[in-house]
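Sequential numbering of the sequence shown, starting at 1, is according to full-length UniProt numbering.
Okay, so here's the structure we're looking at.
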Amino acid sequence: MPVLEFQGTLAAESMARHALIAAFRVAAMRPRVVDLASDFVPDVRITRVLVSSHRTAVYCETNTGHTYKVVCVPLRDTTVSGSLSPCLMAKVGTYAWEDTGWNTAVRDYVNLV
Numbered sequence: 001m002p003v004l005e006f007q008g009t010l011a012a013e014s015m016a017r018h019a020l021i022a023a024f025r026v027a028a029m030r031p032r033v034v035d036l037a038s039d040f041v042p043d044v045r046i047t048r049v050l051v052s053s054h055r056t057a058v059y060c061e062t063n064t065g066h067t068y069k070v071v072c073v074p075l076r077d078t079t080v081s082g083s084l085s086p087c088l089m090a091k092v093g094t095y096a097w098e099d100t101g102w103n104t105a106v107r108d109y110v111n112l113v
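Here is the structure:
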């Protein structure tokens with residue numbers, strides 16, 4: 001059972017929920033990126049989920065012993081004057097755990113709808 005951590009009262013807002021769903025989708029597709037040595041797609045186990053209003057992180061382990069995390073950061077619309085409103089895109093980074101710490105494996109963008 002993964003550890004779920006929600007930080008702050010804004011973590012329950014809809015943008016955080018959309019970011020969490022996007023992070024789960026990306027985490028399910030990324031085990032092959034961090035485990036290139038296997039001839040098959042490894043199984044994934046989610047070990048920890050950290051949600052805040054500005055960032056969502058999903059920590060995963062594969063059945064081949066690799067550890068990785070997916071970090072989803074919703075983008076803000078900077079074309080509108082005043083406060084930054086959320087838009088429907090997020091920057092997603094996949095980081096593999098290695099001897100030197102977290103190293104970037106893939107970075108891209110996803111829709112939050």
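Beta carbons are placed, not taken as given, at the ideal position from N, Cα and C, and that holds for glycine.
Handout entry: Spatially closest choice to S14 from S53, T100, C60, by CA coordinates
Key = S53
Handout entry: Contacting residues, own chain, Cβ-Cβ under 6 Å from A23 (five flanking each side not counted)
Key = T56, V58, V70, C72
Problem - Environment of residue 114 [buried if 16+ CB atoms lie within 10 Å] - result: No statement about residue 114 is possible, as the shown extent of the chain runs from 1 to 113 and does not include it.
Exercise for the section: Could you have a look at A37 and say whether DSSP puts it in helix, strand or coil? Expected result: coil
Practice task
Pull up the distance between the alpha-carbon of T67 and that of E5, whole angstroms please.
Solution key: 19 Å
Problem - Sequence-distant residues of its chain with Cβ nearer than 6 Å to P31 (five each side left out) - result: P42, V44, T62
Practice task
Kindly list the residues whose CB is nearer than 6 Å to the CB of Q7, restricted to its own chain and excluding five residues on each side of it in sequence; keep chain order.
Solution key: S52
Handout entry: Three-way DSSP call (helix, strand, coil) for L20 in this model
Key = helix
Problem - Chain-order list of residues whose beta-carbon lies under 6 Å from that of V49 (same chain, five-residue window excluded) - result: P2, L4, V58
Problem - Cutoff 6 Å; reference A27; Cβ partners in own chain excluding five residues on either side - result: V58, C60, V70
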